[in-house]
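For reference, the structure is listed below as structure tokens.
There are 2 protein chains.
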Amino acid sequence: MSRHKEFDRDQALQKAMEVFWSRGYQAASIGDLVKQMGINRQSLYDTFGDKHALYLLALDRYRQVEGQRLFELLERPGSVKQSLRQLFDEVVEQALGDRERRGCFIGNATSEMAGHCKETASRTCNNMTTVEEAFHRALLRGKQEGEINGVRDPRAAARFFHCALQGLMMMAKARQDRKVLNDVVKVTLSVLD
Amino acid sequence: MSRHKEFDRDQALQKAMEVFWSRGYQAASIGDLVKQMGINRQSLYDTFGDKHALYLLALDRYRQVEGQRLFELLERPGSVKQSLRQLFDEVVEQALGDRERRGCFIGNATSEMAGHCKETASRTCNNMTTVEEAFHRALLRGKQEGEINGVRDPRAAARFFHCALQGLMMMAKARQDRKVLNDVVKVTLSVLD
DNA sequence: CCCATTCTTGACTATTCGTTCCAAAAAGCG
DNA sequence: CGCTTTTTGGAACGAATAGTCAAGAATGGG
Numbered sequence: 001m002s003r004h005k006e007f008d009r010d011q012a013l014q015k016a017m018e019v020f021w022s023r024g025y026q027a028a029s030i031g032d033l034v035k036q037m038g039i040n041r042q043s044l045y046d047t048f049g050d051k052h053a054l055y056l057l058a059l060d061r062y063r064q065v066e067g068q069r070l071f072e073l074l075e076r077p078g079s080v081k082q083s084l085r086q087l088f089d090e091v092v093e094q095a096l097g098d099r100e101r102r103g104c105f106i107g108n109a110t111s112e113m114a115g116h117c118k119e120t121a122s123r124t125c126n127n128m129t130t131v132e133e134a135f136h137r138a139l140l141r142g143k144q145e146g147e148i149n150g151v152r153d154p155r156a157a158a159r160f161f162h163c164a165l166q167g168l169m170m171m172a173k174a175r176q177d178r179k180v181l182n183d184v185v186k187v188t189l190s191v192l193d
Numbered sequence: 194m195s196r197h198k199e200f201d202r203d204q205a206l207q208k209a210m211e212v213f214w215s216r217g218y219q220a221a222s223i224g225d226l227v228k229q230m231g232i233n234r235q236s237l238y239d240t241f242g243d244k245h246a247l248y249l250l251a252l253d254r255y256r257q258v259e260g261q262r263l264f265e266l267l268e269r270p271g272s273v274k275q276s277l278r279q280l281f282d283e284v285v286e287q288a289l290g291d292r293e294r295r296g297c298f299i300g301n302a303t304s305e306m307a308g309h310c311k312e313t314a315s316r317t318c319n320n321m322t323t324v325e326e327a328f329h330r331a332l333l334r335g336k337q338e339g340e341i342n343g344v345r346d347p348r349a350a351a352r353f354f355h356c357a358l359q360g361l362m363m364m365a366k367a368r369q370d371r372k373v374l375n376d377v378v379k380v381t382l383s384v385l386d
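In order, the protein sequences belong to chains R and Z. Be aware that the first sequence starts at 1, since it is given in my numbering, and climbs by one per residue. Be aware that the second sequence starts at 194, since it is given in my numbering, and climbs by one per residue.
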């Protein structure tokens, strides 16, 4: 039939995601993307459409990967409290280890784009409900198993935990201070008791 | 000596702040700024330096105004719990009423700039400690006056409240849903009991 | 009134942006 | 091997960008 692509689509998309993640939409130029993705300009347009479409694909990829990670951690059998603690501790560790201070791609997208771009807005909104559901299921299980007693309204608590998670990642971007972040996690998890 | 400026510096800076607040740094063009500020291009450069300097001035203005509001509310004599509830309720109301979904300018600046711009980073970091201090003082007073009993570590709680505040404003940007935000506020304030 | 100083104006520059065009290269099929 | 189809590379496009320049207009001191 014809010639094959010389690059791996998923690998290129991964690179694009990293660029958008660390620079945001506006500050990431096509030149940056082409260079980091290791593909040609025209190939980028042929394969992914335009810059905006590529951004949405990168955002979707991030959502899928991070959503998977969150889902697996919270659905893991055993102590829900322990899973939640691990989740927040991992976020702190990741934030402290990221010298680029990229924060959360979804949070960045919400901040930069959600107010002006419908497609981004629908994705970040969709993500909120997904994460909320994951927390909700975990909290329900914790209550059923008698582990969690301090939570009266699991739905509200789920929303609260998502808020705390987003706030934590934003704070880490402003001040990479382990003590501060640990304090936040400590108080956040105290609502379970 | 010479001719006077035809425009009011503070008023122009206020307009610039609104532009940067709603569009961010990159997406706000000098053309936008000139139009919204109602002044001439050259006057902008003569008075404020360049785009980046103007951004920092706008950010400082926002910090000063919002900081003042927060400070006054939390230093107000009387119930600290009530002040905190009012603070969070007002944030919810403001977020729901903002059809542009601008969110928090400081949060936006943190997300967009803190990772790449030292000047912005130092400002957002500075802001974090200021807000933390305001919460801390209020919580200490609440404890002294015997109103707040659920808080063991006021420093950690202060950091937590700031985190919740930032998270709340970010969530509101993703999903303008009164019920969701009220749930978050409800659980957040529950750590006081 | 006149001159020095400052502010205003809009044209201008040089660069960078996202995107497209076109020719050359490569690969499968007969 | 040749022919078709697709990818690739780089040049080129117009629009938009941040910032500058020079000339004119206004102001206040002498």
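Note that the Cβ used here is the ideal one computed from N, Cα and C, for glycine as well. Since the structure is predicted, the reported quantities are computational estimates derived from the model, not experimental observations.
Task: Z:T323 at chain R interface by Cβ criterion, 8 Å - done: no
TODO: Say yes only if the C-beta of Z:V212 is nearer than 7 Å to one or more non-hydrogen atoms of the ligand ZN, and no if none qualify.
DONE: Only the bare structure without any ligand can be found here, which leaves the ligand ZN out of the picture.
Task: Own chain partners of R:A121 with C-beta closer than 7 Å, once the 5 adjacent residues on each side are dropped - done: A114
TODO: Report buried or exposed for Z:D376, applying the criterion of at least 16 other Cβ atoms within 10 angstroms of its Cβ.
DONE: buried
Open item on the list: Within 8 Å of any Cβ in chain Z, is that where the Cβ of R:V180 sits?
Closed with: yes
TODO: Scan the stretch 28-89 of chain R and note each continuous beta strand (DSSP E) run of 3 residues or more that stays entirely inside, going in chain order.
DONE: Correct list: empty.
Task: Three-way DSSP call (helix, strand, coil) for Z:D291 in this model - done: coil
TODO: Tell me, please, whether the CB atom of Z:V377 is closer than 8 Å to any CB atom in chain R?
DONE: yes
TODO: State the start and end residues of the unbroken alpha helix (DSSP H) segment that holds R:V187.
DONE: DSSP places R:V187 inside the alpha helix (DSSP H), whose first and last residues are R178 to L189.
Open item on the list: Please report the distance separating the alpha-carbon of Z:L226 from that of Z:V212.
Closed with: Rounded to the nearest angstrom, the two C-alpha atoms are 7 Å apart.
Task: Candidates R:A27, R:V92, R:R69 and R:L57: closest to R:Q11 by CA position - done: Considering only alpha carbons, the answer is R:L57.
- [ ] Give, in chain order, every residue of the stretch 135-165 of chain R whose Cβ lies closer than 8 Å to some Cβ of chain Z.
- [x] D153, R155, A156, A157, R159, F160, H162, C163, A164 and L165
- [ ] Would you please state the rounded distance, in angstroms, between the beta carbons of R:R41 and R:I106? I believe it to be under 8 Å.
- [x] With 8 Å as the limit, R:R41 and R:I106 do not qualify as a contact, their Cβ atoms being about 28 Å apart.
Task: Assigned secondary structure, R:V92 (DSSP; H/G/I helix, E/B strand, else coil) - done: helix
Task: Within-8 Å CB hit, Z:Q287 to chain R - done: At a cut-off of 8 Å between beta-carbon atoms, Z:Q287 makes no contact with chain R.
Task: alpha helix (DSSP H) segment containing R:I106, residue limits - done: F105 to M113
Task: Option in Z:A365, Z:K372 and Z:K198 with minimal Cα separation from Z:R295 - done: Z:A365
Open item on the list: Would Z:C297 and Z:Q219 qualify as a contact pair, given that the criterion is a beta-carbon distance under 8 Å?
Closed with: no
Task: Nearest-angstrom beta carbon gap, Z:R262 and Z:L206 [assumed within contact, 8 Å] - done: Between Z:R262 and Z:L206 the Cβ distance is about 18 Å, and since that is not below 8 Å, they are no contact.
Open item on the list: For a quick check, are the C-beta atoms of R:V92 and R:V185 less than 8 Å apart?
Closed with: yes
Open item on the list: Could you check whether R:A156 and R:L74 sit closer than 8 Å to each other, using their CB atoms as the reference points?
Closed with: no
Open item on the list: For Z:V380, would you say it is in contact with chain R, using Cβ-to-Cβ distances shorter than 8 Å as the test?
Closed with: yes
- [ ] May I ask you to report which of helix, strand or coil DSSP gives Z:K198?
- [x] coil
TODO: Work out the CA separation of Z:H309 and R:S190 for me, nearest whole Å.
DONE: 34 Å
TODO: Could you round the C-beta distance between Z:M321 and R:R99 to whole angstroms and report it? I think they count as a contact, below 8 Å.
DONE: The Cβ separation is near 19 Å, so there is no contact.
Task: Chain-ordered neighbours of Z:E293 on chain R, where CB pairs are closer than 7 Å - done: Listed by position along chain R, the residues whose Cβ is nearer than 7 Å to that of Z:E293 are G115.
TODO: Ignore the nearest five residues each way along the sequence and tell me which others in Z:V344's own chain have a CB closer than 8 Å to its CB.
DONE: L332, G335, K336, A350, V384 and L385
Open item on the list: Is it buried or exposed, Z:A395, if we count other Cβ atoms within 10 angstroms and call 16 or more buried?
Closed with: Coverage of chain Z is limited to positions 194 through 386, which leaves residue 395 of chain Z absent and any answer about it impossible.
Task: Where R:V191 meets chain Z, residues with beta-carbon distance less than 9 Å - done: V380, T381, S383 and V384
Task: Under 8 Å by beta carbon: chain Z residues contacting R:G107 - done: Near R:G107 (Cβ distances below 8 Å), the residues of chain Z are S304 and M363.
Open item on the list: Assuming contact is defined by CB atoms lying nearer than 8 Å, are Z:M230 and Z:K198 in contact in what I supplied?
Closed with: no
Open item on the list: What would DSSP say about Z:N342, mapped onto helix, strand or coil?
Closed with: coil
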